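The block underneath contains the structure these notes are about, expressed in structure tokens.
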Amino acid sequence: MTITANGKKVILTTETTISSYLEANQYRENRIVVELNEEILPKDQYSTTCLKDGDRMEIVTFMGGG
Amino acid sequence: METTHTLTKTQIRNALEERHSPETQAMLSAGSVAIAGLGGLGSNVACTLARIGVGHLHLIDFDVVDISNLNRQQYFIEHLGMKKTDAMQSLLKKINPYLDIRTDCVRVTKDNLTELFTDDSIICEAFDDPLAKAMLVNGILQLFPEKKLVSASGMAGFGSSNTILTKHPMKNFYLCGDDVSEPTYGNGLMAPRVAICAAHEANMITRLILGEEDI
Chain F
1 MTITANGKKV ILTTETTISS YLEANQYREN RIVVELNEEI LPKDQYSTTC
51 LKDGDRMEIV TFMGGG
Chain D
67 METTHTLTKT QIRNALEERH SPETQAMLSA GSVAIAGLGG LGSNVACTLA
117 RIGVGHLHLI DFDVVDISNL NRQQYFIEHL GMKKTDAMQS LLKKINPYLD
167 IRTDCVRVTK DNLTELFTDD SIICEAFDDP LAKAMLVNGI LQLFPEKKLV
217 SASGMAGFGS SNTILTKHPM KNFYLCGDDV SEPTYGNGLM APRVAICAAH
267 EANMITRLIL GEEDI
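So the protein sequences, as listed, match chains F and D.
Those letters in the first sequence? Residues 1 to 66, per the numbering used here, in order.
Those letters in the second sequence? Residues 67 to 281, per the numbering used here, in order.
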């Protein structure tokens with residue numbers, strides 16, 4: 001299946017949860033916000049939500065400093 | 067010799083209208099913005115919004131002014147040890163004594179987001195800690211999807227000014243910064259680049275108050 005993550009096409013060959021996608025791509029869960037198909041995904045749903053063909057995901061990572 | 071000037075509300079309003087036009091100023095004066103964090107980002111955002119007469123400002127910070135803040139934050143030596151909310155309120159009153167300023171000297175947590183931000187239609191995320199940034203943005207976008215949230219990430223050091231951008235990655239969520247520059251040895255948080263990022267936030271907030279939602 002193919003999803004779009006931060007505007008780029010990504011091909012996934014196995015069932016992938018949001019948590020496993022984030023881990024595989026070295027995101028730190030406590031520093032990000034995830035939008036899936038234009039809805040903010042609560043953190044407690046990362047491990048129970050599987051990516052589906054055609055999903056559009058946006059991930060923003062926060063750097064320290066202000 | 068020190069001289070003290072007192073201006074009436076009408077004098078200040080007339081001066082702002084002369085610069086901005088009465089129509090624009092009416093919208094700015096009716097504007098209401100919460101600023102979460104009064105450090106390098108938030109102190110600059112607060113001062114610039116106060117200067118253009120944004121009428122209702124809600125200042126939130128739990129901390130006191132420290133000597134290490136003076137390299138980039140809008141405080142003075144006389145403010146050391148003061149609550150940032152009190153120090154910033156006193157500064158903003160010197161710019162415009164007729165602004166409606168609410169202060170909350172508290173640490174923002176998941177548990178007080180609802181009560182803190184219920185009354186604010188535009189929220190500026192201006193924290194330093196990346197975990198606090200992520201907590202606030204996740205919380206606000208879930209609890210208040212109709213509110214506008216302007217945030218910042220990546221402004222440390224003295225890299226090019228021109229890599230700092232305003233983006234619109236998600237509905238009602240705007241993100242300013244270069245996305246990558248965290249403070250490191252020799253590339254800490256410095257007044258010029260933090261102020262550029264803060265000005266991106268402040269200008270996006272100004273655009274939202276004036277009805278412009280595009281970046």
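C-beta: ideal position from N, C-alpha, C; glycine also.
Since this is a predicted model, take the numbers as computed values, not measurements.
Measuring alpha carbon to alpha carbon, tell me which residue in D:S217, D:L274, D:K159 and D:E84 is nearest D:G103.
Within the second sequence, numbered from 1, the residue matching residue 103 of chain D stands at position 37. The candidate whose alpha carbon is nearest that of D:G103 is D:S217.
List, from N- to C-terminal side, the alpha helix (DSSP H) runs of 4 residues or more that fit wholly inside the stretch 5-40 of chain F.
For the stretch 5-40 of chain F, whole alpha helix (DSSP H) runs of length 4 or above, ordered along the chain, are 18-24.
Identity of the residue in D:E248, D:D245 and D:D132 nearest D:I143 by Cα
By one-based count along the second sequence, residue 143 of chain D stands at place 77. Checking every option, the nearest Cα to that of D:I143 belongs to D:D132.
Under 8 Å, with one C-beta from each stretch per pair, do the stretch 247-254 of chain D and the stretch 222-239 of chain D reach the 3-pair mark?
yes
Can you check whether the CB of F:V60 is closer than 8 Å to the CB of D:L285?
The structure shown does not extend to residue 285 of chain D, since chain D is modelled only from 67 through 281, so no value can be given for it.
Comparing alpha-carbon positions, which option in D:L215, D:R117, D:N204 and D:A257 lies nearest D:P163?
In the second sequence, residue 163 of chain D corresponds to position 97, counting from 1. If we check each option's Cα against that of D:P163, D:R117 comes out closest.
Could you check if F:I11 is buried or exposed, using at least 16 other CB atoms within 10 Å of its CB as the buried criterion?
For the purposes of this step, residue 11 of chain F is taken as residue 11 along the first sequence, with counting starting at 1. Exposed is the call here.
On the premise that F:G64 lies in contact with D:D129, defined as a C-beta separation below 8 Å, what is that separation, rounded to the nearest angstrom?
Residue 129 of chain D sits at position 63 when you count from the first residue of the second sequence. Residue 64 of chain F sits at position 64 when you count from the first residue of the first sequence. Their Cβ separation, rounded to whole angstroms, is 15 Å, which puts D:D129 and F:G64 out of contact at 8 Å.
Classification of F:D44 by the beta-carbon crowding that lies within 10 angstroms, buried from 16 upward:
Your numbering for residue 44 of chain F matches position 44 in the first sequence. Around the beta carbon of F:D44, a 10 Å sphere encloses fewer than 16 other beta carbons of the protein chains shown; the residue is thus reported as exposed.
Since D:V111 contacts D:A257 with CB under 8 Å, what's their CB separation in whole angstroms?
Here the question's residue 111 of chain D lines up with position 45 in the second sequence. Here the question's residue 257 of chain D lines up with position 191 in the second sequence. Their Cβ separation, rounded to whole angstroms, is 14 Å, which puts D:V111 and D:A257 out of contact at 8 Å.
Could you tell me which residues DSSP puts in a beta bridge with D:D132?
For this step, residue 132 of chain D is matched to residue 66 along the second sequence. Note: D:D132 sits in no beta bridge, so no partner.
Does the separation of the CB atoms of D:C190 and D:A100 fall below 8 Å?
For the purposes of this step, residue 190 of chain D is identified with residue 124 of the second sequence, where counting begins at 1. For the purposes of this step, residue 100 of chain D is identified with residue 34 of the second sequence, where counting begins at 1. Contact flag set, yes.
Backbone CA spacing between D:L285 and D:H71 [nearest angstrom]
No statement about residue 285 of chain D is possible, as the shown extent of chain D runs from 67 to 281 and does not include it.
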